[in-house]
Structures are given as C-alpha cells and as structure tokens.
DNA sequence: AATTGATTTAACCATATAGTTAAAACACTT
DNA sequence: AAGTGTTTTAACTATATGGTTAAATCAATT
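The following block contains the structure:
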C-alpha cells in the first residue's frame, strides 16, 4: 500500500456531502468534489465508479442519520411528553449543526420519492408504535388533536420548516441579520415544546 | 405577422414553469421546455434569449403569486382570527392546486437567497403591520405566544411543510396511498385553524 | 404581389462534463 | 529489491447541452 495519509474514502465522502448538499445532485460537479477532497478526478472514479453511486452513498448516509436519530429518541422514551422534549431538541440540534441537510433531503426526495420510502421502510422505524403512544396519551385529553398523524406532522413541520425557509424568514423578519435569525432559532425548541404541551395537555408543562 | 395560433409566449411560460418546477433550474433542459410547449429550440431562444432569463421570469411570477395572495388576504382582514382563517385556507388551497410550487421556491431560494429577499422587499409586503396585529391581539391572551414571529413561522410551517415532505408523509404514514394522503391534507386546514385558535385564544373557536 | 413578422428546419459551434485510459510516481510491505 | 495497491498526471472520448445561424416556409397585412 501507499500514501494512505488519511482515509481517502472518508475525505471523498465528506467532500461529496458538502458539494451535493450545497448544489444538489444536478448542480454538483465531480471536479468540484475532487477539488474539495484535494484529490483528482481519476482517483475519485477509482473509489466511486460513478456520480450516481457516490450520490447514493451520500444520500443514504445522510437520511440514515435522520432516521437513526428518530429511532434512538423514540426507543429511549416511553411517555409522550418526554418524547416531545427529546425529539424536538435532538432534531433541532442536528439541523442547526448541518443547516442545509433538510433542504437537501427534501429536494432529492422529490426527485426520486420511491427511494426514500424504501430507505425508511428498511430502517426499522416503527410508525405503529409511535402512533399508538400518541393515541394513548392524547385520547382523553384534548379536542384539538383528533388524529395522531396530524400531531406528528405538526411537530415535524414546526421543527424543520424554519430551517428550510431560512432565507425568507431571515430576510423578511430579521432584515437579513443572521445573528437575529440564530437567536430566533435557539428559542425555537422551547417554543415548540411549550406549544405542543399546550395543545396536548392543555397546560404548558416543564 | 403569422400563425399566431395561440399566444406562444404564454405557452412557453406554461411549459417552462412545468419543467422548472419538476426538475429545478439545473435539472431542466431547454429542449424539454420546447417540446412541452410544442415548439422548437430556435423559437424558444427567439422569445427568451437565455435559460436564465426564462427562469427568472418563471420564478418571479411564481413567487409573485404567493406574495400577492399573502398581501391580498392580509389587506382584506382586520382581526387576527379572521386572518388565520383566510390565510390558512387560501394558502393550503393554492399549494394543493400546484403541489410542487413550494418545493420549487424553497429549492431555488437556497440556490440564490438574495434574489428572493429583494423580490419580497419590493413586493410591498407590510411585515410590520402583520407583527403589530398579532402583538395587539395576543399580548393579553396567552403565555405560549411570547413572540409574534414565532406564531407566524408556526402557521407557515404547519401549512407548507406537509406538502414539501409529501413523499415521506405519504410513504410512512399512509403506506404510499395517495388518496389517504389527500384526505389527510383536506383535513389539514381545519386542524391548523383549530390549533392556532387554541394556542392564541385558548379556546378552539369556529 | 410585396412586405413583415412568426415559425420551422437543420446544421452548427463552443463548452462543460462524466467517465476512461495508460503510464508513471509513490509509499508501504515482504 | 521486488511487489502491491494508491495516487498523480495528463491526455482523451463521448455526449449533452446552451446557444447561434441562415435559409426556407407560412400566414396575415398592406
């Protein structure tokens, strides 16, 4: 073997991720990925035969992160209020670290919807248990949440959308001041948790 | 003049819109737009010098629709509960008719954030009035909504995200049954209105 | 009939890009 | 030193694509 100065494959994946997330599958250029990884195109193809294969790898890993996090939070909590707390904080934390991840997934999602459904299907996410937990906890409590799925979608929407629409929110409400936007986002988790608790338990707990 | 069988420019715009929305700026092909408009590439360039110009036109018109709707709803309502009602129904109705519009705007938004901020800036949207209205109505009423901007973002999130994430929601919660998803969406407006009324007025009105 | 603008045809150019290839250099192991 | 897998270099192919061009055609106006 030779000059394995650092794991080249990892460098490539990292670079590919950066470029793909920033520009999407169509907008990304293999040359740019190679430059970003500080190697040349030939070596890039030496590791990953084609752009498609490289993209698949990046995409699978990226969405895997999201699913893993969901699963982890989901499996370590029993009751709903605890779940909300963990989930909202964990998800917002993750997206805050990698702000473009949500946009990336959503865009490629619509370019190739079937793949994601597959991925999620094989990821072992137990949607039934999730729905059951919410039903059990909310049934006797509130008239707002008649369908658990609405509640789940509510929570996802409230967590993810503010990142996806960042340029609009920052531009319109904060005069393009990214610090103001950041401080808005850091209040976001608390706000969502309060909101959800309010509609589910009809009092703002915690 | 000759064979102006129908307004060609409109046909082009319509076709361009379809293709751009489906594939994004990068993924779209001028040839495909020409085919879709049932003309040839030469004529396409005869009307719109470049892909960029055509895209600008489509994008501006598309986001203009959204902004116009917001303005209209906003200017024809005085009190907040009325505003919520109009806004939620109008927005969900619009996106339901053109489901990919949200994804399109959000994706291109992140490709070129500054343009949208400009567009919104010159569109005459009066964000201050909006915030003022919400502040006035919510100040004495609730402990959940401490910042009007959070509430606005909440409403936008709840309305738009379910469309943006359609493949996930449909795949995970409805076993890819698009009818089930559609019926979910048609309950969506009522649910959001109830939810927002609940957190703002602490009772589910209307 | 002559003019004019809209539209087609079809070839063409320039460029960007994914992907290939072959040879050499390199670093590490044996 | 020989061998092995990694990396570079650099040229190359094939193709797709945005955009152009020139000539012809077509339909309506004058």
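Protein chains in written order, with this note's numbering: chain A, -11 to 194; chain B, -11 to 194. We put the beta carbon where it would ideally sit given N, CA and C, even for glycine. Remember, predicted model here, so these are calculated numbers, not experimental data.
Residue range of the unbroken alpha helix (DSSP H) whose run includes residue i
i	result
residue 38/B	Neither: residue 38/B is in no alpha helix (DSSP H) and is coded neither H nor E.
residue 208/B	One cannot answer for residue 208/B here, as it falls past the ends of chain B, which runs -11 to 194.
residue -2/A	-4 to 15
residue 122/A	115 to 126
residue 91/B	89 to 99
residue 22/B	18 to 24
residue 142/B	136 to 152
Supposed contact pair residue j and residue i - C-beta distance, whole angstroms, cut 8 Å
i	j	result
residue 147/B	residue 80/B	6 Å
residue 93/A	residue 51/A	6 Å
residue 113/A	residue 55/A	6 Å
residue 29/A	residue 18/A	6 Å
residue 142/B	residue 82/A	About 20 Å; that fails the 8 Å criterion.
Pairwise C-alpha distance: residue j and residue i
i	j	result
residue 265/A	residue 21/B	Within the shown structure, residues of chain A are numbered from -11 to 194, placing residue 265/A beyond reach of any answer.
residue 194/B	residue 187/A	Unreliable placement is indicated for residue 194/B, whose pLDDT of 43 sits below 50; the coordinate value is still reported in the next sentence. Distance between the alpha carbons of residue 194/B and residue 187/A is about 17 Å.
residue 144/A	residue 97/A	16 Å
residue 99/A	residue 168/B	22 Å
residue 180/A	residue 27/A	44 Å
residue 198/B	residue 76/B	Residue 198/B lies beyond the residue range present for chain B, which begins at -11 and ends at 194; the question has no answer from this structure.
residue 45/B	residue -2/B	12 Å
residue 14/B	residue 154/A	21 Å
residue 91/A	residue 23/B	30 Å
residue -8/A	residue 84/A	Annotation note: pLDDT 49 at residue -8/A (below 50); position unreliable, coordinate value reported separately. Distance between the alpha carbons of residue -8/A and residue 84/A: 33 Å.
residue 57/A	residue 78/A	8 Å
residue 199/B	residue 101/A	Given a span of -11 to 194 for chain B in the structure shown, any question on residue 199/B remains unanswerable.
residue 42/B	residue 172/A	36 Å
residue 138/A	residue 120/A	13 Å
residue 63/A	residue 115/A	12 Å
residue 8/B	residue 59/A	35 Å
residue 124/B	residue 87/B	34 Å
residue 61/A	residue 117/A	13 Å
residue 185/A	residue 133/A	11 Å
residue 126/A	residue 189/A	8 Å
residue 176/B	residue 40/A	37 Å
residue 38/B	residue 6/B	17 Å
residue 110/A	residue 65/A	22 Å
residue 16/B	residue 95/A	14 Å
residue 170/A	residue 25/B	44 Å
residue 47/B	residue 70/A	43 Å
CA nearest to the CA of residue i, picked from the options
i	options	result
residue -4/B	124/B, 32/B, 18/B	32/B
residue 105/A	19/B, 165/B, 4/B	165/B
residue 178/B	73/B, 43/B, 39/B	73/B
residue 107/A	159/A, 133/A, 53/A	53/A
residue 35/A	66/A, 1/A, 6/A, 134/A	1/A
residue 198/A	140/A, 4/A, 37/A	This structure leaves residue 198/A out entirely; chain A is present only between -11 and 194.
residue 196/A	170/B, 176/B, 136/B	In the structure displayed, chain A extends from -11 to 194; residue 196/A sits before or after that span and is not available.
residue 160/A	103/B, 69/B, 67/B	103/B
residue 197/A	68/A, 170/A, 95/A, 110/A	An answer regarding residue 197/A cannot be provided, because it is not within the stretch -11 to 194 covered by chain A.
Quiz prompt | Minimum length 3: unbroken beta strand (DSSP E) runs contained in the segment 160 to 184 of chain A | solution = none
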